[in-house]
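*Asks:*
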Amino acid sequence: MLPTVLHCVRPVSTALSFSRPLAHFRPHMDPDPSRPVERAITTKLTNALTPEHLEVHNESHMHAVPPGSESHFRVLVVSPQFGGLSLIQRHRLVNEALREELSTCVHALAIQAKTPEQWGSNPSLAKSPPCMGGSRGDHTVEEKLKAGRE
């Protein structure tokens, strides 16, 4: 893995998404190179799950972390690979694809994993609750951010 992927302090992203309709392929948006963790998440989920729709939201700015951090993310993944799988099995697939990021820079990952049919009947992304400051006393966040800057 490139060392730059481990740099967790970058400008805050508002959102990154791409779609690929069922019958037509459209090249997805390339992630912003100044956001290496977001780029890695997008690339790994794309390669592992071949999503028809993918949204990666950096929600770090909503939490008790330094400005520009890449530590808290919400992803929406719509993939036919989720067909017939339970919610926990879908989340395990996402977590496995992002194992390295979850063990280094990413402190929190909210996952919405839908089949194309579920997405077709409810094309929405859930809102994240406001931060209650839980990471302020969690020294692993500080350690991960520090490790990412080295």
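Add 40 to a position in the sequence shown, counting from 1, and you land on the number used in our numbering.
Backbone N, C-alpha and C define an ideal beta-carbon position, used for all residues, glycine too.
This one's a predicted model, so the numbers in the text were calculated from it and none came from an experiment.
If you reduce the DSSP assignment to three classes, tell me which class residue 75 lands in.
*Replies:* Of the three classes helix, strand and coil, the one that applies to residue 75 here is coil, per DSSP.
*Asks:* Quick check on the DSSP output: what are the complete beta strand (DSSP E) runs of length 3 or more inside the stretch 74 to 118, in order along the chain?
*Replies:* Within the stretch 74 to 118, the complete beta strand (DSSP E) runs of at least 3 residues are 93 to 98, 112 to 118.
*Asks:* At the level of alpha carbons, what is the spacing between residue 145 and residue 78?
*Replies:* Whole-angstrom Cα-Cα distance: 11 Å.
*Asks:* Okay, do the stretch 105 to 123 and the stretch 156 to 165 touch, 3+ Cβ pairs below 8 Å being the bar?
*Replies:* Result yes; three or more Cβ-Cβ pairs closer than 8 Å.
*Asks:* Per DSSP, what kind of secondary structure is residue 171 in: helix, strand or coil?
*Replies:* Of the three classes helix, strand and coil, the one that applies to residue 171 here is coil, per DSSP.
*Asks:* In terms of DSSP beta bridges, what is residue 152 paired with?
*Replies:* Residue 152 pairs with 116.
*Asks:* Excluding the 5 residues preceding and the 5 following residue 148 in the sequence, name in chain order all residues of the same chain whose CB lies nearer than 6 Å to its CB.
*Replies:* Around residue 148: 112.
*Asks:* Note down the Cα distance separating residue 155 from residue 89, rounded to an integer number of angstroms.
*Replies:* Cα-Cα distance, rounded: 11 Å.
*Asks:* Taking 6 Å as the cut-off, is the C-beta of residue 113 nearer than that to any heavy atom in the ligand NAP?
*Replies:* Questions concerning the ligand NAP fall outside what the structure shown contains, since it holds no ligand whatsoever.
*Asks:* Starting from residue 143, follow the alpha helix (DSSP H) in both directions and report where the run begins and ends.
*Replies:* Looking at the DSSP string, the run of the alpha helix (DSSP H) that includes residue 143 is 139 to 143.
*Asks:* Is it the case that the Cβ atoms of residue 168 and residue 114 are separated by a distance below 7 Å?
*Replies:* Closer than 7 Å, so yes.
*Asks:* Output needed for residue 96: all residues of its chain with C-beta closer than 6 Å, excluding positions within five of it in sequence on either side, in chain order.
*Replies:* Counting only Cβ-Cβ distances below 6 Å, and skipping sequence neighbours, we find 56, 78, 81, 82, 115.
*Asks:* Only counting the same chain, and skipping five residues up and downstream in sequence, which positions put a Cβ closer than 8 Å to that of residue 85?
*Replies:* Within the same chain, residue 85 has close Cβ partners 91, 94, 96, 115, 117, 134, 137, 138.
*Asks:* Which of the three DSSP states, helix, strand or coil, is assigned to residue 160?
*Replies:* Three-state result, residue 160: helix.
*Asks:* Just how far apart, CA to CA, sit residue 104 and residue 122?
*Replies:* About 33 Å.
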